[in-house]
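Undergrad:
In the working numbering, the protein residues as written are 160 to 282.
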């Protein structure tokens, strides 16, 4: 007599649904914009924004809305001549974006016109 195998249990994160059924958007799609704005303000966009946008279409639209700014946008770092030899040539300054892992050159004639030996500080 052959032993019967117990069927494997589905992953708890995946909900099984018959093909003829369609998932309903659920109560998450009906949250007021003010609550979505508070959630967006509290999340870290570098790690949580992907999860936020995958909840439903309403949340994806809220994340794309320019009127709901993200709180923790990564700042750009000002590069010096010692850090990046191309920085400060002419009337431009070089900035490093941590989130993009990219260097941006921006025209800042006022910052470049401060004279030889000048320093820039900020926080």
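We put the CB at the ideal spot given by N, CA and C, even for glycine.
Predicted model only: the values in this text are computed from it and were never measured.
How long is the line joining the alpha carbons of residue 266 and residue 236, rounded to whole angstroms?
TA: The count along the chain shown starts at 1 and reaches residue 266 at position 107. The count along the chain shown starts at 1 and reaches residue 236 at position 77. Cα to Cα, residue 266 sits roughly 15 angstroms from residue 236.
Undergrad: Under 8 angstroms by Cβ, that's how I've got residue 223 and residue 188 pegged, so tell me the actual separation to the nearest angstrom.
TA: Here residue 223 corresponds to residue number 64 of the chain shown, with the count starting at 1. Here residue 188 corresponds to residue number 29 of the chain shown, with the count starting at 1. About 15 angstroms separates the two Cβ atoms, so there is no contact after all.
Undergrad: Residue 191 by DSSP, collapsed to three states: which one?
TA: Translated into the one-based positions of the chain shown, residue 191 becomes position 32. If DSSP states are grouped into helix, strand and coil, residue 191 belongs with coil.
Undergrad: Would you mind reading off the limits of the beta strand (DSSP E) that contains residue 212?
TA: Numbered from 1 along the chain shown, position 53 holds the residue referred to as residue 212. For residue 212, there is no enclosing beta strand (DSSP E); the residue is part of the alpha helix (DSSP H) that begins and ends at 208–212.
Undergrad: What residue does the beta strand (DSSP E) around residue 250 start on, and which one ends it?
TA: Residue 250 sits at position 91 when you count from the first residue of the chain shown. First-last for residue 250: undefined, no H or E at that position.
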